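Residue numbers for the sequence shown follow the working numbering, beginning at 1 and rising by one. The beta-carbon is built from N, C-alpha and C at its ideal position, and this holds for glycine as well. Fair warning: this is a prediction, and the values are worked out from it, not measured in the lab. Following: one structure in structure tokens, then a few remarks.
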Amino acid sequence: MKFGLTDSIEYHWRVRKLLLKIGLNIAAALPLAAVQALGAFLGLLAYLGSKQYRSLFRPQYEAVVKTRNLPLKLWEAVRASGMLFSDSLWIWRNPQKALNLVEIQNWDLVESAIQEGHGLVMLTPHLGGFEIIPRVLARHFPATILYRPSRQEWLNEVVEEGRAYPNMHFVPTNLNGVRQMTRALTRGEAIGILPDQVPSGGEGVWVPFFGRPAYTTPLPARLANRNNTPVVMFTAKRKGMGKGWVMQAKRLAPFSEDATIAAAELNIAIENAVLVAPEQFIWSYNRYKHPLGAELPPST
1 MKFGLTDSIE YHWRVRKLLL KIGLNIAAAL PLAAVQALGA FLGLLAYLGS
51 KQYRSLFRPQ YEAVVKTRNL PLKLWEAVRA SGMLFSDSLW IWRNPQKALN
101 LVEIQNWDLV ESAIQEGHGL VMLTPHLGGF EIIPRVLARH FPATILYRPS
151 RQEWLNEVVE EGRAYPNMHF VPTNLNGVRQ MTRALTRGEA IGILPDQVPS
201 GGEGVWVPFF GRPAYTTPLP ARLANRNNTP VVMFTAKRKG MGKGWVMQAK
251 RLAPFSEDAT IAAAELNIAI ENAVLVAPEQ FIWSYNRYKH PLGAELPPST
């Protein structure tokens with residue numbers, strides 16, 4: 001028996017951690033197709049069961065497909081939103097099987113970039129099987145990945161354990177993490193950033209993303225411009241159910257030295273990556289939120 005508020009919280013953390021680990025182990029034992037089918041079901045469940053989820057997902061997705069004259073595939077996108085997370089869980093627990101299911105395109109572009117000797121800035125938006133991308137790179141050279149820790153320690157432990165992979169080093173989104181990425185580039189290694197996450201207040205600028213002001217980090221440009229480091233945008237588009245992913249790479253033009261212009265250039269690159277498979281993007285994430293401490297977005 002546990003007594004007291006602190007002991008009770010610790011107990012619940014342990015239970016949640018145990019349940020999540022059990023879920024991961026079950027996912028690891030299933031074929032990818034079964035895990036993706038389960039993810040699709042959970043995506044539908046989240047959409048139908050949560051008004052808040054729908055209020056984020058549908059307007060963001062519909063606005064993009066309408067302005068770009070794309071076919072509306074709402075339910076496909078809803079199912080894919082669940083598969084985004086089920087893919088990640090399966091890749092964490094089955095990295096070698098997952099690597100065997102990746103069709104890699106434009107790899108010569110990546111090798112050419114890293115051979116320049118200035119390192120590589122790897123950008124991977126939350127699309128499809130994005131978790132497989134750093135594992136592909138880690139087979140060839142070390143990669144330092146920037147990630148935002150969860151506020152819940154028990155969840156951080158599970159995620160860090162799941163993401164662990166040889167030649168991959170994860171650093172948090174703070175000053176120490178940025179310093180470690182800078183050192184990695186100095187050594188000629190790769191760094192990875194999820195560029196579609198909203199930065200903390202004071203660390204971004206307001207620039208358009210699919211026509212609306214979005215608080216955006218200029219960090220990739222700042223790191224790349226420091227030593228003429230090449231920047232490559234990666235996507236991992238999901239194939240048919242259980243068939244893996246197509247990993248594509250596109251080298252970006254050098255960013256502007258101006259932080260606002262560079263952030264706008266970054267968002268254009270993210271938009272182009274999303275349009276590779278718009279139904280597979282993380283539309284449930286509020287890309288347009290106003291983080292605490294950030295200046296107000298422009299009114300137009």
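Next item on the list: State the DSSP-derived secondary structure class of Pro-291, mapped to helix, strand or coil.
Entry: Three-state result, Pro-291: coil.
Check: From what residue to what residue does the alpha helix (DSSP H) around Gly-43 run?
Finding: DSSP places Gly-43 in the uninterrupted alpha helix (DSSP H) bounded by 32 to 49.
Checklist line | Cβ distance (whole Å) where Glu-131 is taken to contact Ile-191 below 8 Å | finding: Going by Cβ atoms, the distance from Glu-131 to Ile-191 rounds to 16 Å, so no, they are not a contact pair.
Notebook entry, point to check: By DSSP, does Phe-281 sit in helix, in strand, or in coil?
Noted result: Reduced to three states, the DSSP call for Phe-281 is strand.
Notebook entry, point to check: Arg-287: buried (16+ other C-beta within 10 angstroms of its C-beta) or exposed?
Noted result: Answer is buried; the Cβ neighbour count reaches 16.
Notebook entry, point to check: What's the gap between the Cα of Pro-297 and the Cα of Ala-214?
Noted result: Looking at the two C-alpha atoms, the distance is approximately 8 Å.
Notebook entry, point to check: Taking the continuous beta strand (DSSP E) assigned at Glu-103, which residues delimit it?
Noted result: Note, Glu-103: beta strand (DSSP E), 102 to 104.
Checklist line | Reference Ser-299, options Pro-208, His-118 and Val-231, closest by Cα | finding: It is Pro-208 whose Cα lies nearest to the Cα of Ser-299.
Note to self: Rounded to the nearest angstrom, what separates Phe-281 and Met-122 at their Cα positions?
What the structure shows: The alpha-carbon atoms of Phe-281 and Met-122 are separated by roughly 18 Å.
Check: Taking the Cβ atom as the reference point for each residue, do Met-83 and Gly-39 lie within a distance shorter than 7 Å?
Finding: Their beta carbons are under 7 Å apart, which means Met-83 touches Gly-39 by this criterion.
Check: In the DSSP assignment, what residue or residues form a beta bridge with Met-233?
Finding: According to the DSSP secondary-structure assignment, Met-233 is paired through a beta bridge with Leu-123 and Lys-250.
Check: Going by C-alpha distance, which of Pro-199, Lys-239, Ala-269 and His-126 is nearest Phe-85?
Finding: Out of Pro-199, Lys-239, Ala-269 and His-126, His-126 has the C-alpha closest to the C-alpha of Phe-85.
Notebook entry, point to check: What is the rounded straight-line gap between the Cα of Pro-95 and the Cα of Arg-135?
Noted result: Their Cα atoms are separated by approximately 8 Å.
Checklist line | Rounded Cβ spacing between Gly-119 and Trp-245 (contact assumed at less than 8 Å) | finding: With a Cβ gap of about 25 Å, Gly-119 and Trp-245 do not count as contacting.
Checklist line | Beta bridge counterpart(s) of Tyr-147 as assigned by DSSP | finding: Answer by DSSP bridge pairing, in chain order: Pro-172.
Check: Sorted by chain position, which residues of the same chain lie with C-beta nearer than 7 Å to Ala-264's C-beta, five sequence neighbours on each side aside?
Finding: Taken in chain order, the residues that qualify are Val-207 and Pro-208.
Check: How close, in whole Å, do the beta carbons of Ala-236 and Met-247 come, if the pair is a contact with beta carbons under 8 Å?
Finding: Confirmed, about 5 Å.
Margin query: My output table needs one value for Tyr-215: the three-state DSSP class, helix, strand or coil.
Written below: In the three-state reduction of the DSSP assignment, Tyr-215 falls in the strand class, which pools E and B.
Note to self: Residues in the same chain with beta-carbon distance under 8 Å from Gly-211, minus the five sequence neighbours each way, listed in chain order, please.
What the structure shows: Ala-63 and Thr-67, listed in sequence order.
Check: Mind checking whether Val-232 and Ala-143 have CB atoms under 7 Å apart?
Finding: No, the Cβ-Cβ distance between Val-232 and Ala-143 is not below 7 Å.
Check: Alpha carbon to alpha carbon, what distance is there between Gly-242 and Lys-97?
Finding: Within the model, the alpha-carbon separation for Lys-97 versus Gly-242 is close to 11 Å.
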